[in-house]
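Let me begin by presenting the structure, written as C-alpha cells, before commenting on it.
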DNA sequence: AGCGTCCGCGCAACCGATTGCACAAGCCAC
DNA sequence: GTGGCTTGTGCAATCGGTTGCGCGGACGCT
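Protein chains in written order, with our numbering: chain A, 260 to 625; chain B, 260 to 625.
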C-alpha cells in the first residue's frame with residue numbers, strides 16, 4: 260500500500276534490477292537466441308517482480324509495425340455486422356493483433372475521420388465493411404495493399420471510379436439468391452416479388468440475380484418494391500402494397516427487411532406462409548426463431564470476419580496485395596416457403612444445399 | 260504514378276517544405292497561439308500538399324496520453340453487447356478517441372490477454388462489460404481509476420474479494436424486475452416462475468428481486484428453473500419442465516432466454532399468451548418483432564455505452580475516480596402478458612413506466 | 001604460447017513528435 | 001542609445017523500446 264510516485268516501470272528499471280543493459284533486457288524478453296540462459300532468467304524474474312509492461316507505442320515507433328488492425332463498419336448493433344466484428348476480433352486476437360473498431364454509420368464525414376484515425380495510428384491492416392467513400396479516396400489515406408473490402412456496397416460509385424479489383428471479400432450473393440429463387444420456383448410459386456432498398460450495388464446485384472433466374476424460368480419480368488434505404492421503417496408501406504396486389508412469394512434483400520415485412524403484415528389479411536411465401540437473406544438468429552421460421556440464405560458472417568483478418572495478415576507478411584475471395588452461402592429452408600398446394604408435393608423437411616466454393620462468380624446450384 | 264520509395268511523410272518533411280523548424284511546424288499544426296499567421300499558413304499548406312499524417316505512436320509516447328479507450332465484452336454478436344459497443348464507440352469517436360474492442364468470451368485466459376494488450380497500449384480508459392476475472396486482478400494490470408465496470412456480473416467472486424465500490428455502471432435491474440413482477444401481478448397472474456441461468460451475481464440479484472416482490476404480494480415462495488449458463492440451448496428442457504407443471508406466468512433472466520423459451524414452447528401444448536404469460540428483459544429488437552410481441556424491460560444499452568465513455572473521460576480529465584451510476588429502465592408491455600381473464604380488466608393498450616433515475620438502489624415503481 | 005572462433009553482451013543511434021527554455025528581432029520608452 | 005517587453009522561432013532533450021555493430025573473454029587447435 261505504498262503511496263510512491265507510482266511511476267510506470269520501464270525497461271531501464273528491469274535492466275537495472277537484472278544487472279544488465281537495456282539492450283540485453285530487451286532481447287532476453289523476446290527470446291533472442293543470443294542471450295544466455297542465466298541472463299534471460301534474471302531478466303524474466305526482474306520483469307515479473309516489477310510488473311513490467313512494455314509500452315506498445317514505443318515499440319511500434321521503432322518497429323514500424325503496430326500489431327493493430329482496423330475494422331470499419333456501419334453499426335455494431337446490427338446482427339450481421341456484429342457477427343463480422345466478432346469473427347474479425349477473434350481471429351485478430353488469436354494472432355496477437357488488437358482491433359480498432361470504428362463505425363461509419365453511413366456518414367461520409369464520420370467515415371473520413373475514422374480512416375484518418377486509423378492512418379494516424381498506422382494500423383497494419385484495415386478491413387472496410389460497406390463504406391460509403393469512394394475507394395480511390397480510401398487509398399489516398401491508407402496503403403492500398405493493406406486494405407480489404409468486406410461485403411462492399413457502393414452507394415453510387417462516383418463517375419469514372421471503379422470498385423477495387425483486388426482485396427475484396429464477399430459472400431456468394433449471386434449463388435445464394437439464385438438458390439433461393441430456384442427453391443421458390445421448385446416449390447410451385449410463380450408470382451414472385453423482390454423487395455429491396457432500391458439503392459446500392461448490393462441491392463442491384465441481388466435484384467438482377469432474382470430477375471435473371473425468374474427469366475430463365477419464364478416467370479419474368481421481375482416485380483419489385485423499393486422500400487428506401489432508411490432502415491426498414493417503411494415496411495408498413497411495403498406490407499400495404501403487398502396486400503393491395505399479393506404475389507405468391509416475396510424475396511427480400513435481407514433478413515432484417517424480411518422480418519420487418521413479416522411483422523408489418525400482421526395487421527393485414529395476408530398470412531405467411533398461408534397466403535404468401537417469404538424469403539430472407541443473411542441467416543441472422545432472429546430469423547430462425549421467428550414465427551414462422553424464415554427460409555433464408557445463411558451467410559457465414561463470422562467466417563467472413565475471420566477471413567478478412569487472414570487476408571490482411573497474409574498481405575502484410577508477404578507484401579503481396581490480397582486477392583479477392585467469395586465465400587459460399589447456404590440455403591436454409593424454413594417454414595415460410597412450404598410447397599405450394601397446387602404443385603410439387605415436396606417433403607416439408609429442412610433441406611440444405613451449398614453454393615459453389617471460392618469460385619470467382621457465384622454458381623447457381625444446378 | 261511515381262514509383263518513389265514511398266517513404267512516409269514525417270513532420271521534418273513538412274517543416275523543410277515550409278521553411279521552418281520541426282518545432283514550429285508542430286506548433287503551427289496544433290494552433291499554438293504563439294505562431295504567426297504567415298508561418299501557420301505555410302505549414303498548413305505544406306502539410307496538406309505532402310499529405311502529412313502525424314504518427315499517433317510518436318505523439319502518444321511523448322504526450323503520455325494515447326486517446327485510446329478499451330472496451331472488453333463477451334461477444335460482439337450478442338444484441339445487448341452490440342448495443343453497448345455501438346454507444347461506446349459513438350461517444351468515444353465524438354470525443355476524438357479510438358476504441359480497442361476486445362472480446363473475452365467468458366474465457367479467463369483470453370480475457371487476461373486482452374487486458375494485457377490494453378495495458379501495453381496504455382489505453383487512457385477501459386470499460387469492462389461483464390468480465391470473469393476478479394476485480395483485484397484487473398486492477399493489478401490497469402490503473403484503478405481508469406476502469407469502469409458496465410453491467411458487472413461476477414461469476415462467483417473469489418473468497419474475500421469484493422466487487423469494486425466505485426466506477427460501476429449498471430442498469431436498474433432491481434427496479435426493472437420489480438416493475439415486471441408488479442405488472443404481472445396486477446394483470447392477475449398468481450403462479451409465477453423465474454427462469455435464469457442459475458449462476459452469476461446478476462442472476463442472483465434478479466431472482467432475489469422477483470422473489471421479494473412476490474413475497475410482498477404473498478405469492479411466494481418463488482418457483483424457479485435453472486437453465487444453466489451454457490447459452491440458452493437448453494431452452495427445450497425448460498419448455499418441457501414448464502409443460503409438465505405450467506405456471507401462469509414466466510419471467511426470464513433476459514430476452515434472449517425468453518425468446519428461446521418461446522420458441523421451445525411451440526412443439527408443446529402451451530401457447531403464449533393463451534396458456535402462459537412470458538416476460539423478458541433487455542428490450543432487444545427481436546423481442547419487439549416476435550409473435551407475440553414480448554413484454555420486456557427496456558435497458559438503454561446504447562446509452563450505457565455512452566455513459567461509460569463519459570465516466571471514463573471525466574475521471575481521466577479530473578483524475579477523480581468515477582462514481583457509480585444506475586440508469587433507469589422502462590417496462591414495455593407487449594402481447595405476451597395480457598390481462599388474465601379472471602381478474603383485472605385492464606386495457607390491453609401499451610403502457611410505459613419508468614423506474615427511478617440515477618438513485619443508488621432501484622425503486623420499484625409504486 | 002599464439003591465433004582464430006564463437007558466444008554473450010553493451011554502446012549508441014534511431015523511430016517521430018512534443019515542449020521547456022533560450023534566443024533573436026521589433027517596438028516603445030526613458 | 002540602451003534597457004525592457006512582446007512576439008515568433010529554433011535547439012535539444014525527451015518519451016521507451018529496438019537493433020546494427022563492435023568488443024571482450026572463453027575455448028579449441030596447432
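Don't be surprised by glycine CBs; every beta carbon is placed ideally from N, CA and C.
These figures come from a predicted structure and were not determined experimentally.
Which chain A residues sit within Cβ distance under 7 Å of residue i?
i, result
"residue 349 of chain B", "362"
"residue 593 of chain B", "Here the premise fails: no neighbours, minimum Cβ distance about 12 Å."
"residue 313 of chain B", "379"
Using CA atoms only, rank isn't needed, just tell me which of the options is closest to residue i.
i, options, result
"residue 373 of chain A", "A:357, A:392, A:356", "A:392"
"residue 538 of chain A", "A:513, A:530, A:528, A:524", "A:513"
"residue 534 of chain A", "A:525, A:542, A:352, A:541", "A:525"
"residue 386 of chain B", "B:446, B:329, B:281", "B:329"
"residue 355 of chain B", "A:376, A:402, A:462, A:545", "A:376"
"residue 532 of chain B", "B:460, B:270, B:520", "B:520"
"residue 274 of chain A", "A:547, A:365, A:306", "A:306"
"residue 258 of chain A", "A:599, A:363, A:467", "Any answer about residue 258 of chain A is impossible in this case: the structure gives chain A only from 260 up to 625."
"residue 324 of chain A", "A:302, A:379, A:292", "A:379"
"residue 340 of chain A", "A:585, A:592, A:569, A:565", "A:565"
"residue 203 of chain A", "A:468, A:343, A:461, A:503", "This structure cannot speak to residue 203 of chain A, because chain A is shown only from 260 to 625."
"residue 422 of chain A", "A:398, A:293, A:444", "A:398"
"residue 518 of chain A", "A:502, A:547, A:395", "A:547"
"residue 443 of chain B", "B:426, B:511, B:352, B:347", "B:511"
"residue 589 of chain A", "A:302, A:290, A:351, A:433", "A:433"
For residue i, go through chain B and note every residue whose CB falls closer than 8 Å to its CB, in chain order.
i, result
"residue 325 of chain A", "316"
"residue 345 of chain A", "334, 335, 336, 362"
Quick one: which chain B residues come within Cβ less than 7 Å of residue i?
i, result
"residue 357 of chain A", "359, 376, 380"
"residue 342 of chain A", "336"
Can residue i and residue j be called in contact, C-beta distance under 9 Å?
i, j, result
"residue 470 of chain B", "residue 453 of chain B", "yes"
"residue 507 of chain A", "residue 448 of chain A", "yes"
"residue 312 of chain A", "residue 286 of chain B", "no"
"residue 573 of chain B", "residue 409 of chain B", "no"
"residue 360 of chain A", "residue 320 of chain A", "no"
"residue 484 of chain B", "residue 515 of chain B", "no"
"residue 549 of chain B", "residue 595 of chain A", "no"
"residue 478 of chain A", "residue 451 of chain A", "yes"
"residue 428 of chain B", "residue 560 of chain B", "no"
"residue 556 of chain B", "residue 435 of chain B", "yes"
"residue 318 of chain B", "residue 315 of chain A", "no"
"residue 299 of chain B", "residue 575 of chain B", "no"
"residue 529 of chain A", "residue 551 of chain A", "no"
"residue 344 of chain A", "residue 344 of chain B", "yes"
"residue 500 of chain B", "residue 481 of chain B", "no"
"residue 426 of chain B", "residue 440 of chain B", "no"
"residue 494 of chain A", "residue 523 of chain A", "yes"
Within 9 Å of any Cβ in chain B, is that where the Cβ of residue i sits?
i, result
"residue 310 of chain A", "yes"
"residue 289 of chain A", "no"
"residue 561 of chain A", "yes"
"residue 306 of chain A", "no"
"residue 400 of chain A", "yes"
"residue 525 of chain A", "yes"
When DSSP builds the beta bridges, which residues end up paired with residue i?
i, result
"residue 554 of chain A", "A:538"
"residue 429 of chain B", "B:585"
"residue 483 of chain B", "B:453"
"residue 332 of chain A", "A:362"
"residue 385 of chain A", "A:329, A:406"
"residue 509 of chain A", "A:452, A:537"
Using a C-beta to C-beta distance shorter than 9 Å, which residues of chain A count as neighbours of residue i?
i, result
"residue 548 of chain B", "518, 519, 521, 522, 545, 549"
"residue 352 of chain B", "361, 362, 369, 372, 373, 376"
Is the CB of residue i under 9 Å away from at least one CB in chain A?
i, result
"residue 319 of chain B", "yes"
"residue 394 of chain B", "no"
"residue 533 of chain B", "no"
"residue 405 of chain B", "no"
"residue 425 of chain B", "no"
"residue 505 of chain B", "no"
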